[in-house]
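Encoded as structure tokens, the structure appears first; notes follow it.
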Amino acid sequence: MSNSSFFLRNHGASPLDVSQPAFWDAYAERLKFFCEANGITDDAKKRATLFAVCGLPTLTIPKSLISPRSLSDVSYEDIVNVLKSHFIPKPSVIYQRFTFQRCLQQEGEGVAAYVADLRHLADDCNFGSNLSERLRDQLVCGLKDEELERRLLACAELDLNGAIREAIAAESASSQARDICSANGSHTETAVAQQIRKGRNVRPSKDAEQRTVAAFTRNPCAGCGGDHPRSQSKSIRSFPVSSARKNATNKKVSANTFRHNVSDSPTDAYQEGSILFVTSNRQKKTSTTVIINNVPCRMEIDSGSDFTVISKENYRSLWKSTGPPIEPCRLRLVDFQRQVVPLAGVCTIDVSYGRHKGRLRLYVAKGHKATVAEPLRKLLRANTKWEWTHVHDEAFKKVKQLLSRERFLVGFNESLPITFTRDASQYSIGSVLAHDMGKRGEAPIAFFSRTMTPTERNYAQIDREALAIVSSVKKLHD
Numbered sequence: 060m061s062n063s064s065f066f067l068r069n070h071g072a073s074p075l076d077v078s079q080p081a082f083w084d085a086y087a088e089r090l091k092f093f094c095e096a097n098g099i100t101d102d103a104k105k106r107a108t109l110f111a112v113c114g115l116p117t118l119t120i121p122k123s124l125i126s127p128r129s130l131s132d133v134s135y136e137d138i139v140n141v142l143k144s145h146f147i148p149k150p151s152v153i154y155q156r157f158t159f160q161r162c163l164q165q166e167g168e169g170v171a172a173y174v175a176d177l178r179h180l181a182d183d184c185n186f187g188s189n190l191s192e193r194l195r196d197q198l199v200c201g202l203k204d205e206e207l208e209r210r211l212l213a214c215a216e217l218d219l220n221g222a223i224r225e226a227i228a229a230e231s232a233s234s235q236a237r238d239i240c241s242a243n244g245s246h247t248e249t250a251v252a253q254q255i256r257k258g259r260n261v262r263p264s265k266d267a268e269q270r271t272v273a274a275f276t277r278n279p280c281a282g283c284g285g286d287h288p289r290s291q292s293k294s295i296r297s298f299p300v301s302s303a304r305k306n307a308t309n310k311k312v313s314a315n316t317f318r319h320n321v322s323d324s325p326t327d328a329y330q331e332g333s334i335l336f337v338t339s340n341r342q343k344k345t346s347t348t349v350i351i352n353n354v355p356c357r358m359e360i361d362s363g364s365d366f367t368v369i370s371k372e373n374y375r376s377l378w379k380s381t382g383p384p385i386e387p388c389r390l391r392l393v394d395f396q397r398q399v400v401p402l403a404g405v406c407t408i409d410v411s412y413g414r415h416k417g418r419l420r421l422y423v424a425k426g427h428k429a430t431v432a433e434p435l436r437k438l439l440r441a442n443t444k445w446e447w448t449h450v451h452d453e454a455f456k457k458v459k460q461l462l463s464r465e466r467f468l469v470g471f472n473e474s475l476p477i478t479f480t481r482d483a484s485q486y487s488i489g490s491v492l493a494h495d496m497g498k499r500g501e502a503p504i505a506f507f508s509r510t511m512t513p514t515e516r517n518y519a520q521i522d523r524e525a526l527a528i529v530s531s532v533k534k535l536h537d
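With my numbering applied, the sequence shown has no gaps in its numbers, which climb one by one up to 537 at the end.
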């Protein structure tokens, strides 16, 4: 059996696919190792082996490129160089460096894989003696973990190996912490929760219901303190204000607005809730008055909601001086557009309704930017007496902090895709016109915002959203 036949049948080689020229280097390197393993050192035999296995489409390429010379008159190395120049032309160093600098760690990509991608992209960047420094810089600036990025930036003396070790250690610690939280936070998951997590609406079996009830005989319901599973709680747990993003959308949370892994453990394990359904202000709401920490509050009746979420503004309105302490929580909420709803924390409150009393958790959402700036806007209204208090000073500082964290504007590029985002809060409407930069996310081109008139503030939320769209399109078009 010939060497070429042995190569084809026993080493799994196949003719080079000319439609995928990027594989030429790997193909040529594998052929080189085959020749070394089989003791093929003669130049003519190596050339013959290459032409025997590369396939007819590949064979015609060097034959055309070296014409009028014959293939037998050209050395093996010259033929390999000719094919390499044809399949993989020398790239532009400027473009390769541009691609290298745009390489960011993707969701689900490990640090080791990200470093491997950077090394591969750096092959044609011609960094020379600065290769390690450039790899280190891009590794630190491209990490998706902002906390780790800040920690690495704070290091005065940091080399490439140190950055890789620190990033891999942090990634490993984060993964282990999630595993621990997952193991400790969901021991009492019910069969219903398992079906919800899979996205199916399946009624649990009778045996599953009995096991669920048995699991809660020792632990009272976290919602109302009764002797039953959390999913059967009849407590009143929805505040008749806007949802977790009230100050951004002013939408009411309906009965089943959250979907998450159900757990009755008192520990605050990491969870993710989704605000899926909203209702307009025109719909009739059923509400009643309950006592929260000795303060009467009008509450919307919702026996199916899993969380109680109010805004920071409503928290201050309930307790103008000293309220229950807000503690950090590991709950992560997203709205129906998969946008994260930032939470200020959670507090434990005493609730009484009729003959029922208990301690429940109240989640507090952070305010919206328009709400933060509202004290400053009030000073600009006509017939308003000028006064500068600690409220205005605090709002001014927060606005500066928010602006300093926003990305800079970019110029319009007709070759890039465009995204349009709009929002309407209780006080104002706004929008952002941005370019979709791929792995780099979105880069804003222009902003638009204005406060709503007193009449517009009485609109239903769906009308406010429509107002934001129409006003933004007119302004950005001009």
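For glycine and all other residues, C-beta sits at the position ideal for the given N, C-alpha and C.
Residue 405 and residue 421: beta carbons closer than 9 Å? yes
Assuming contact is defined by CB atoms lying nearer than 9 Å, are residue 502 and residue 494 in contact in what I supplied? yes
Residue 108 beta carbon near the ligand MN (any heavy atom closer than 8 Å): Questions concerning the ligand MN fall outside what the structure shown contains, since it holds no ligand whatsoever.
C-alpha distance - residue 409 paired with residue 382, whole-angstrom precision: 12 Å
By alpha-carbon positions, which one of 424, 449, 524, 209 ends up nearest to residue 371? 424
According to DSSP, residue 20 sits in a beta bridge with which residue or residues? Summary: the structure shown does not reach residue 20, with the chain confined to residues 60 through 537, and so no result is reported for it.
In whole angstroms, what is the alpha-carbon distance linking residue 180 and residue 385? 47 Å
Comparing C-alpha positions only, which one of 195, 228, 206, 135 sits nearest to residue 216? 195
Express the C-alpha separation of residue 445 and residue 511 in angstroms, rounding to a whole number. 21 Å
Between the region 140 to 156 and the region 76 to 93, are three or more C-beta pairs nearer than 8 Å? yes
Whole-number beta carbon distance between residue 488 and residue 530, since they are thought to touch under 8 Å: 6 Å
Looking at chain B, is there any beta carbon in it that lies within less than 9 Å of the beta carbon of residue 474? Although the question refers to chain B, the structure presented lacks it and comprises just one protein chain.
Tell me whether residue 154 is buried or exposed, calling it buried when 16 or more other Cβ atoms sit within 10 Å of its Cβ. exposed
With a threshold of 16 other CB atoms inside 10 Å of the CB of residue 533, please say whether the residue is buried or exposed. exposed
Whole alpha helix (DSSP H) elements within the region 163 to 226, 4-residue minimum: 170 to 181, 190 to 201, 205 to 212
Spatial distance of residue 98 from residue 147 (CA atoms): 28 Å
Using only the alpha-carbon positions, how far apart do residue 134 and residue 95 sit? 17 Å
Taking Cβ positions, are residue 348 and residue 357 nearer each other than 9 Å? yes
Can you tell me which of the three DSSP states residue 105 falls into? helix
Taking the alpha helix (DSSP H) that residue 88 belongs to, which residues open and close that run? 83 to 96
Nearest candidate by alpha-carbon position, reference residue 551, set 138, 111, 112: Any property of residue 551 remains undetermined from this structure, which presents the chain solely from 60 to 537.
Between the C-alpha atoms of residue 219 and residue 480, what's the straight-line distance to the nearest angstrom? 39 Å
Within the region 399 to 435, ranges of the alpha helix (DSSP H) (whole runs, at least 4 residues): 428 to 431
Are the CB atoms of residue 490 and residue 521 nearer to each other than 9 Å? no
Look up residue 497 in the DSSP assignment and give the residues it is bridged to. Beta-bridge pairing links residue 497 to no other residue.
If you compare alpha carbons, which of 455, 176, 149, 184 is closest to residue 198? 176
Proximity winner among 378, 102, 376, 401, relative to residue 388 (alpha-carbon distances): 401
Identity of the residues DSSP links to residue 479 by a beta bridge: 492
Please report the straight-line C-alpha distance between residue 515 and residue 523, rounded to a whole angstrom. 7 Å
Cβ-Cβ separation, residue 202 to residue 232 (assumed contact under 8 Å), whole Å: Residue 232 to residue 202, Cβ: 14 Å. No contact.
Is residue 532 helix, strand or coil when you go by DSSP? helix
Between the CA atoms of residue 475 and residue 456 - distance to the nearest angstrom: 35 Å
If I follow the unbroken beta strand (DSSP E) through residue 347, where does it start and stop? 346 to 351
Is it the case that the Cβ atoms of residue 75 and residue 117 are separated by a distance below 9 Å? yes
Mind checking who residue 388 pairs with in its DSSP beta bridge? Note: residue 388 sits in no beta bridge, so no partner.
In whole angstroms, give me the CA-to-CA distance for residue 497 and residue 192. 25 Å
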